[in-house]
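So the structure is just underneath, and the comments pick up after that.
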Amino acid sequence: MSTATFVLAATSSDVLNVIAAFVGGMIVAGALVWAVQFGMRVRDRELPRPTADEQPHLPDTGPVHEERELREPDEVPHSQGRERLLPHELHHAGSRRSDDQHRKRWIPGKSGSFGGGGIGHA
Numbered sequence: 003m004s005t006a007t008f009v010l011a012a013t014s015s016d017v018l019n020v021i022a023a024f025v026g027g028m029i030v031a032g033a034l035v036w037a038v039q040f041g042m043r044v045r046d047r048e049l050p051r052p053t054a055d056e057q058p059h060l061p062d063t064g065p066v067h068e069e070r071e072l073r074e075p076d077e078v079p080h081s082q083g084r085e086r087l088l089p090h091e092l093h094h095a096g097s098r099r100s101d102d103q104h105r106k107r108w109i110p111g112k113s114g115s116f117g118g119g120g121i122g123h124a
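Numbering (the working numbering), first residue to last: 3 to 124.
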C-alpha cells in the first residue's frame, strides 16, 4: 500500500465522523422539535386556567387564625397481667392537652443551642 492510500483512508474516516455527528445532531434537534409540538398539543387539550374570579379568596369574616396549645405526652398504659397491649387498648392520640397552658419562656444564661457560644446551664 502506498502513502496515498493511507491518506485517503484517514480522510474518509474524518468525513464519515463529521457526517455521523451531523446526522446525530439532526436526530436530536428533530426529537426536541417533536417534544415541543407534542407538549403544545397536550396543553391545548387541557382545561383552561381559572380566571381571577375563580381563584380562592378570604371568607367574609376575615382570615382564620391558628390555635396554639401546649401538649404533653400521653404515656402508654401498662398491660394488666398479659404480655402485650392490643391496638384497641391504646389511646387515640400520642399526646394530650396540657393543664398548664402558660408558655415557658427562654431565660438568658440558662439555656442555649449547641455551639451557641453561651456558658450553658449553670
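Heads up, the beta-carbon is just placed ideally off N, CA and C, and yes, glycines get one too.
With three or more beta-carbon pairs closer than 8 Å as the criterion, would you say the stretch 93-104 touches the stretch 68-80?
yes
Starting from residue 74, trace the beta strand (DSSP E) both ways and give me its first and last residue.
73-75
Considering only DSSP beta bridges, list what residue 97 is partnered with.
75
Alpha carbon to alpha carbon, how far is residue 53 from residue 64? Give it in angstroms, no decimals.
22 Å
From residue 24 to residue 36, what does the alpha carbon distance come to, in whole angstroms?
18 Å
Chain-order list of residues whose beta-carbon lies under 6 Å from that of residue 129 (same chain, five-residue window excluded):
The structure shown does not extend to residue 129, since the chain is modelled only from 3 to 124, so the question has no answer here.
Does DSSP put residue 55 in a helix, in a strand, or in coil?
helix
Run through DSSP, which three-state label would residue 107 get?
coil
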